[in-house]
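The structure under discussion appears below in the form of structure tokens.
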Ligand code: DC
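Residue numbers (my numbering): 466 to 681.
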């Protein structure tokens, strides 16, 4: 029997990795998990319970109590919750609690695409293909500003830029499982690529890694 195919797609905030990973999952007939949602849902539970994001022990309790239903919460996508998620994700005990959930999801047949920060390095170090998607910080801030505007919010570009910088700094410098490019990952810079161009580049990189040629 062939083992479930696992594809890791990592990248910084607002790099487009989740959108690309969702398309990759559809293309290869795999399940999809945006692991940022796992941290966002933990942050949401903590805030809804009135707990303090600076309280690592409370964050660990919410991570341990997380259920799949929490990932369907309608208010997980905003920048505010993203920042709290980034803080909560810096606690080693939170990461330890959430690691097995992601690992189990990855290995379920027929296989999965996981998007995140540490998928290729920590969650699925044996993934069949690893891609690290990035873009310049200005381009990521521009995309995030447009996305927020599309959702009816009134974002200020400079604020969005600052928040993404802060998130890059925290996600890249935490002591456990910091955002990092796996040694065997293909890095794809999407700064000058549209969504279709970026998807094609990611698909080609994965096909190459899987030893497939140009299947449609
Ligand atoms: O990808 P995102 O913006 O939805 O992620 C929100 C936060 O969750 C991110 O700033 C850091 C954390 N995160 C993480 O630490 N590891 C992951 N694999 C995914 C997200």
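Backbone N, C-alpha and C define an ideal beta-carbon position, used for all residues, glycine too.
Computed from a predicted model, the values in this text were never measured in an experiment.
Taking the Cβ of residue 584 as the reference point, at least one heavy atom of the ligand DC falls within a distance shorter than 8 Å. Nearest neighbour of residue 601 by Cα position, chosen from 470, 468 and 481, turns out to be 481. In this structure, the ligand DC has no non-hydrogen atom nearer than 8 Å to the beta-carbon of residue 568.
Burial state of residue 570 is buried, judged by a 10 Å Cβ sphere holding 16 or more other Cβ atoms. Counting only residues of its own chain and dropping the five nearest sequence neighbours on each side, residue 608 has a CB closer than 6 Å to the CB of 479. For residue 504, the CB falls within less than 8 Å of some heavy atom of the ligand DC. Contact between residue 556 and residue 521 holds: their C-beta atoms lie close to 4 Å from each other, under 8 Å.
In the structure shown, residue 637 adopts helical secondary structure according to DSSP, grouped into three states.
At least one heavy atom of the ligand DC sits closer than 8 Å to the Cβ of residue 551. DSSP, reduced to helix, strand and coil, places residue 483 within a helical segment of the structure shown. Segment contact: the region 515–532 against the region 545–563, three or more CB-CB distances shorter than 8 Å; contact assigned. With 16 or more neighbouring CB atoms inside 10 Å of its own CB, residue 477 falls in the buried class. Rounded to the nearest whole angstrom, the CA to CA distance from residue 533 to residue 496 is 15 Å. Exclusion of the five residues before and after residue 559 leaves 524, 525, 528 and 553 as the residues of its chain whose Cβ lies within less than 6 Å of its Cβ.
By the CB criterion at 9 Å, residue 583 and residue 642 fall inside the cutoff. In the three-state scheme derived from DSSP, where H, G and I count as helix and E and B as strand, residue 599 is classed as strand. In this structure, the alpha-carbon of residue 650 lies about 33 Å from that of residue 620.
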